Structures are given as structure tokens and as C-alpha cells.
Amino acid sequence: MLRVAAINFLNPAPLMWDFEHAPLAQELAQRYSLHYTQPSQCAAELLACRADLGLIPIAALTPELAVVPGCTIASLNEVRSIQLIVKSPHTFSTVKTVSADTASRSSLAYAEILFRKFANNSPTFHPAPADPIAMLQQADAAILIGDPALLALEHREQIEAAVGPCQWFDLAREWHIRTNVPWVAAVWAVRPESLGAPRLSAAQLVEDLEASRNHGLLHIEDLVEEWTPRINLSPAVIRHYLSSNIHYVLNTDCMRAIKLFRQYAAEVDVLPALPDLRFL
């Protein structure tokens, strides 16, 4: 079976539909062995040969890994689940210290691009648990990623009551405003040598992943019902997030966005150059 490193966050839930639900979960379990980890660990497991397929941050793509066509986690404007919170009176240009949730390598790289390339600023990033009040008590700004960012938006008044007035920046929107391309967080990536007889063909892999996404998007209401008890967000917020904030189709604009992201990241010395994307 193909070993899969997956992410137990809200945003990939539609991509995982067939793997986690009848009637196809049992069939897919004959071809795939799933385990869940942090986004930042998926690529490490692929490169260490502990996994064959992973939903990985685009910052973690390497020449050894191939992007599987079809699926992505992206946003065409606001994503809401990546928040840069800046304490007043600071701005992009004056922030010196940033407390950062390290769950996603791509999100941190996007933040560094925004600071270095577009604000001519190079603040120091300090890893920190995803507690916005504690983060902002020890730094000029904080980056929250995934479910903690969505929760922070719901508790904005309480956070600002504790740390003072803040500006809240949606990193996907800030990227889109400056580049006019989508914000892309993650893609399915595979070690190509793990495919082929007698295991699994590339065509079957693409078909399985795209079918799971398509079925997931047809079951948004079921996902809302499943996730409402798991995360302290209203059904309306979860529904809007899955159906409007996140974009799940890896189209040509998203591919351009990945290339531009890697180009800018190399220019500001955040990530190594990746001249060509390798597709399965």
C-alpha cells in the first residue's frame, strides 16, 4: 500500500472525504495506508522515505518530489486561516519581532516575503505555541495558522482587550493584492519511485485524489456537521470557510502562483531556488 502522510486540519477535509467515509473508504484502504501529522512534517516524512504521498506545504517542495496534478489547498482572496496580527502602533515596516506558530512552513515563508520584499523589513521570527495573547505579550506581531487562526478571529475582542489594539492581516489577501495570483498553501506530492507495478499507477493515484475531492465538495454540509463538535466555530463559519475561503482545484493560475512564490522566496533568501516544478 502507498503510505500517506495527511493533515487533520479543517481545510483539507474535503480532499480526504473518500478516505474517511463510505462507500469508498474500504476500497481505498486496500491501496493506501494513512497517518496524520503536522503540515510541516509531511515533507520530512516523504524525504526520509517514511511516507510515499503527502499533503505538503509548497515551501517544502524539492526536486525529488513530484506534484500530483488536480488538487490543492489555496485561496483566491481571503483565506481567514492565516492571520498576521500586528500590535499598534506597529506596521509592516516597523515590526521587529514576530511570534510564529510553526505548523506551516509555507505560511511563514509567505510572511517573510511580505516583510522583506514588500515592506523592506526583516523582523526576527520566534517559534511559539498558538496562543495569541501569550504570543503578542512577547512580540510586536503574531502569526496564527489553521484552526487557531479561525478561532482567534472569533475571539478578537478578548485578544485585543488583553494586549491592546491590533491590526489583523489575512496573509492570503495581502499576497493576492500584491501579486494578482492565488495564495497556494499545499499540494499533494509523491515520491515518483513509489508508484508503478505492482503497487499503484500514477493515473490511478490522480483519479483517486480528484474523486475524493469532488465527493468532498458535494458533502460540505456533512463536513459542517462533523466538524462543528470538533472545533469551537459556528456551522456558518465552517460552511463559509470550506465553500468560499478555500479553493481546491490546482489550475494554471495556482501553478503560476507556486512558481512566483518560490521565485520570491529565493530572491529574499527564505527558501532555496526551485527552478522547475516537477509534476507527476
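So the sequence shown is numbered by my numbering: it starts at 1341 and just counts up by one.
Glycine is no exception: its CB is placed at the ideal position from the N, C-alpha and C atoms.
These numbers were taken from a predicted model, which means no experiment stands behind them.
- Under a 10 Å Cβ-count criterion, Leu1563 is classified as buried, with 16 or more other Cβ atoms of the shown protein chains found around its own Cβ.
- Under the criterion of beta carbons closer than 8 Å, Ile1422 and Ala1512 qualify as touching, at roughly 6 Å.
- Taking the CA atoms as reference points, Ser1541 sits about 22 Å from Glu1360.
- According to DSSP, residue pairing for Thr1402 in a beta bridge does not occur.
- In this structure, DSSP gives Asp1593 a helical state, which the three-state scheme calls helix.
- If you look at Ser1552, you'll find it isn't in any beta strand (DSSP E); it sits in the alpha helix (DSSP H) that goes 1542-1557.
- Boundaries of the beta strand (DSSP E) harbouring Leu1395: 1393-1397, taken from the DSSP string.
- By the CB criterion at 9 Å, Trp1567 and Leu1350 fall inside the cutoff.
- Ala1502 and Leu1476 have their C-alpha atoms roughly 9 Å apart.
- Looking at the DSSP output, Leu1424 shares a beta bridge with Ile1483, Phe1509.
- Taking a C-beta distance under 9 Å as the contact criterion, Ala1482 and Pro1472 qualify as a contact pair.
- Ala1353 is not a Cβ neighbour of Glu1385, given a cutoff of 9 Å.
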